Amino acid sequence: MLLKVVFAGPMGSGKSTAIGVLSDIEPVATEAKNNERFKVDKPTTTVGLDYGEILLGDAGKVALYGIPGQERFDFMWPIVAKGAMGVILLLDCSQDNYIEKLASFADTFSKWVDPGSFVVALNRGTENDLEACNLLVEKRDVVMPVFMADPREKDDLNMLLHVLISNAEIRLLQE
């Protein structure tokens, strides 16, 4: 069995970090010099995709894909999203307009994956950030659980994967 999970979110939200933490293989990364350090101060950024795997033995694997977060690379997003069972949307609450980015990424990726196939992870957030994101999700009338999660913490990431997979199982049972 092969499950495909996409990590989405703006540049600097922790997608590459999360895949590196979860992957049982050496992750594949397409990093290049960050020419937009005035937006997010980090030396490199993903320009193609990130890839890792969680090996499940005889049961198969979970393929982990990370998209480039800059909109100039958005042509890659539908390519990477094709066939995904779900999306983990990472948001860094210390970045400007993270609420608008939640709405934008959710709208965009719902073109390619089932709207109920999202889990939102807030990094560097507060309870107020969590409440604001939950209010936005409630207005959209979709199943999109929102959690506080650190992309450097394997336990946080495993919880997100478990919720995403559980939601997928529920959707399958309802069909």
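Our numbering applies: residue 1 is where the sequence shown begins, and numbers increase by one. Cβ coordinates follow ideal geometry from the N, Cα and C atoms, glycine included. A quick note: this is a predicted structure, and the numbers were derived from the prediction, not measured.
Between Asn123 and Gly14, the gap from beta carbon to beta carbon is short of 7 angstroms. Gly9 and Asp58 have their C-alpha atoms roughly 32 angstroms apart.
In the three-state reduction of the DSSP assignment, Thr17 falls in the helix class, which pools H, G and I. Sorting Asp129, Leu136 and Ala149 by C-alpha distance to the C-alpha of Asp96 places Asp129 at the top. Beyond the five residues adjoining it in sequence on each side, Pro151 comes within less than 8 angstroms, by CB distance, of Ser13, Gly14, Lys15, Thr17, Ala18, Val21, Leu90, Ala121, Asn123 and Leu157 in the same chain, given in chain order. Under DSSP, no beta-bridge partner is assigned to Met76. DSSP lists Leu122 as the beta-bridge partner residues of Met148. Between Ile88 and Phe7, the gap from beta carbon to beta carbon is short of 7 angstroms.
By the Cβ-count criterion, Pro68 is buried, with 16 or more other Cβ atoms from all chains shown falling within 10 Å of its own Cβ. In the DSSP assignment, the residues bridged to Leu3 are Val62. With a threshold of 16 other beta carbon atoms within 10 Å, Phe109 meets it and is buried. From the listed residues Val47, Glu71, Gly66 and Lys42, the smallest Cα separation to Glu53 is found for Gly66. Collapsing the DSSP output to three states places Glu153 in coil. Taking every protein chain shown into account, the CB of Asp92 has 16 or more other CB atoms within 10 angstroms, so this residue is buried.
As DSSP reads the structure, Val28 sits in a beta bridge with Tyr51.
For the pair Glu153 and Arg140, the Cα-to-Cα distance works out to about 29 angstroms. With respect to Gly86, Leu164 sits close: the two C-beta atoms are nearer than 7 angstroms.
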